[in-house]
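Protein chains in written order, with my numbering: chain A, 12 to 118; chain G, 430 to 512.
All C-beta atoms in this analysis are idealised placements derived from N, C-alpha and C, irrespective of residue type, glycine included.
Written out as structure tokens, the structure reads:
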């Protein structure tokens with residue numbers, strides 16, 4: 012087994028492991044703010060590991076460059092979307108309650 | 430079964446908790462799970478393109494990764510307005 016194959020397999024295990032841990036974390040964490048933390052490793056290190064693994068194992072003209080491009084897109088858009096979702100969650104939490112949402116009080 | 434097929438299977442399994450949270454959690458948690466599912470699906474399509482060794486399949490992963498950005502921003506905008 013060559014060093015390149017070993018490296019590709021290691022990156023595959025790392026990438027898939029990170030995605031699995033992040034997905035299982037959705038079931039463990041509670042609330043949008045805790046769960047938002049899971050998007051970082053998924054679009055960061057996990058995407059980089061899988062993108063580089065595919066790019067190393069594929070010729071550049073056969074899709075290797077596109078794999079790196081997918082990785083780059085996930086890497087750049089991930090933090091922006093995390094921030095946007097966090098902002099929306101904060102706005103929804105701070106929004107004043109409508110009268111019909113309040114519980115009825117017994118006279 | 431090759432390492433790439435096992436990786437695709439692992440990513441497929443990782444999509445299941447996202448689907449569960451999308452179906453059962455409150456609204457903002459669903460959006461987080463949807464974003465995580467989109468990330469995983471893009472990478473799954475990337476790995477599947479390598480499994481089938483068809484260079485045209487890489488375009489599908491690229492299109493999903495690019496289009497998920499405005500899609501999620503639209504969801505965020507809608508949910509902010511209905512706060």
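Sort 57(A), 75(A), 38(A), 48(A) by Cα distance to residue 479(G) and report the nearest one. 75(A)
For residue 54(A), which residues in chain G fall below 7 Å Cβ to Cβ? 468
Taking only three categories from DSSP, how would you classify residue 13(A)? coil
Out of 106(A), 33(A), 27(A), 58(A), point me to the one whose CA is closest to residue 88(A)'s CA. Closest by alpha carbon: 58(A).
Minimum Cβ-Cβ distance from residue 478(G) to chain A less than 8 Å: Yes, contact with chain A.
The segment 80-100 of chain A contacting the segment 61-72 of chain A, beta-carbon criterion three pairs below 8 Å: yes
Using 8 Å as the cut-off, can you tell me whether the segment 457-472 of chain G makes contact with the segment 436-448 of chain G, which would need three or more C-beta pairs spanning the two stretches below that distance? yes
Start and end of the alpha helix (DSSP H) containing residue 82(A)? 75-105
Under a CB-based cut-off of 8 Å, is residue 457(G) close to chain A? yes
From which residue to which residue does the alpha helix (DSSP H) around residue 380(G) run? Given that chain G is displayed from residue 430 to residue 512, the structure contains no residue 380(G) and the question cannot be resolved.
Start and end residues, alpha helix (DSSP H) containing residue 40(A): From DSSP, residue 40(A) is part of no alpha helix (DSSP H); its letter is neither H nor E.
Would you please verify whether the beta carbon of residue 15(A) is less than 8 Å from any beta carbon of chain G? no
Let's test the definition: count the other Cβ atoms within 10 Å of the Cβ of residue 30(A) and tell me whether it reaches 16, buried, or not, exposed. buried
Between the Cα of residue 90(A) and those of 14(A), 55(A), 19(A), spot the shortest distance and give me the residue it belongs to. 55(A)
Buried or exposed, going by whether 16 or more other CB atoms sit within 10 Å of the CB of residue 39(A)? Classification for residue 39(A): exposed.
According to DSSP, simplified to helix, strand and coil, what is residue 483(G)? coil
Please report how far the alpha carbon of residue 105(A) lies from the alpha carbon of residue 98(A), in whole angstroms. 11 Å
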